[in-house]
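Peer 1:
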Amino acid sequence: MQSGGAIQTGDAPDHSGGRGSSGGTPRPNEDLRLWVRLLSCAKVIEKRLRRNFADEFDTTLPRFDVMAALDRAGEPLSMSALSQALLVSGGNVTHVVRQLVTDGLVETAPSPDDARSALVSLTAEGSALFADLAAAHQRWVTQSLGTMPPESRSALLTLLSELRGQLDR
1 MQSGGAIQTG
11 DAPDHSGGRG
21 SSGGTPRPNE
31 DLRLWVRLLS
41 CAKVIEKRLR
51 RNFADEFDTT
61 LPRFDVMAAL
71 DRAGEPLSMS
81 ALSQALLVSG
91 GNVTHVVRQL
101 VTDGLVETAP
111 SPDDARSALV
121 SLTAEGSALF
131 ADLAAAHQRW
141 VTQSLGTMPP
151 ESRSALLTLL
161 SELRGQLDR
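Quick look at the structure:
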């Protein structure tokens with residue numbers, strides 16, 4: 001930190017009035033700093049993943065995400081269930097699914113429960129490609145986190161799991 005409270009690391013500015021966490025009271029901006037740090041780490045990794053998917057497979061992260069959701073489900077999903085699983089709008093899913101259908105990687109079939117709805121599933125070609133994409137995805141994430149000592153990764157996972165539990169309450 002420079003004099004005057006400016007933070008050099010790209011974190012949120014210091015609005016604590018000079019109070020530090022060593023004084024027993026957490027700095028009010030620690031939560032913001034943590035949020036910015038979490039977001040920046042996620043964005044760096046996501047940017048790498050997007051670049052790697054484009055460079056090595058000529059595909060996109062949203063296409064991978066749709067295929068991953070279908071693979072995880074293990075059964076055909078409605079467009080609504082797919083958009084809920086991905087936490088995106090139905091319009092976004094529809095666009096990506098259309099591209100994947102055109103490429104022969106997923107197929108749609110009428111829902112037996114609702115004639116207005118279609119069920120989406122991976123084709124054999126889509127499943128084979130997804131296996132390659134998933135292996136590469138795992139490798140890229142491991143490369144991104146691999147320089148962090150195992151004990152640190154384990155501690156971070158524990159802390160983030162604790163945070164997630166608190167957020168889910």
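Here the sequence shown stands for residues 1 to 169, numbered as in the UniProt record's numbering.
Even glycine gets a Cβ: it sits at the ideal position worked out from N, Cα and C.
#1: List the endpoints of the continuous alpha helix (DSSP H) containing Ser-161.
#2: Going by Cα to Cα distance, which pick from Gly-91, Val-36, Gly-90 and Ser-111 is closest to Glu-75?
#3: Out of Ala-42, Ser-40 and Ser-83, which one is the CA nearest neighbour of Pro-62?
#4: Kindly give me the distance between the Cβ atoms of Val-120 and Val-141, rounded to whole angstroms, as I take these residues to be in contact under 8 Å.
#5: Locate the beta strand (DSSP E) running through Thr-108, then write down its first and last residues.
#6: Using a Cβ distance threshold of 8 Å, determine whether the region 123-137 contacts the region 148-155, with at least three qualifying pairs required.
#7: From Ala-42, Gly-91, Leu-77 and Gln-166, pick the residue whose C-alpha is nearest to that of Asp-113; which is it?
#8: Give the straight-line distance between the Cα atoms of Gln-166 and Leu-157, rounded to the nearest whole angstrom.
#9: For Gln-99, which of Ala-124, Met-67 and Ala-128 has the nearest alpha-carbon?
#10: Using C-beta distances below 7 Å, list every residue in its chain close to Leu-70, excluding the 5 sequence neighbours before and after it, in chain order.
#11: Can you check which of these residues, Ala-115, Leu-49, Ser-154 and Trp-35, is closest to Gln-143 by C-alpha distance?
#12: Where Arg-72 and Asp-132 are concerned, what is the direct C-alpha to C-alpha distance, given to the nearest angstrom?
#13: For Ala-118, list the residues DSSP reports as bridge partners.
#14: What separation, rounded to the nearest whole angstrom, lies between the Cα atoms of Asn-52 and Gly-90?
#15: State the start and end residues of the unbroken alpha helix (DSSP H) segment that holds Asn-52.
#16: In this structure, does DSSP put Arg-63 in helix, strand or coil?
Peer 2: Result, derived from the coordinates:
#1: 150-167
#2: Ser-111
#3: Ser-83
#4: At roughly 25 Å, the Cβ-Cβ gap does not stay under 8 Å, so Val-120 and Val-141 are not in contact.
#5: 106-110
#6: no
#7: Leu-77
#8: 14 Å
#9: Met-67
#10: Leu-77, Val-106, Val-120, Ser-121 and Leu-122
#11: Leu-49
#12: 15 Å
#13: Pro-110
#14: 26 Å
#15: 30-57
#16: helix
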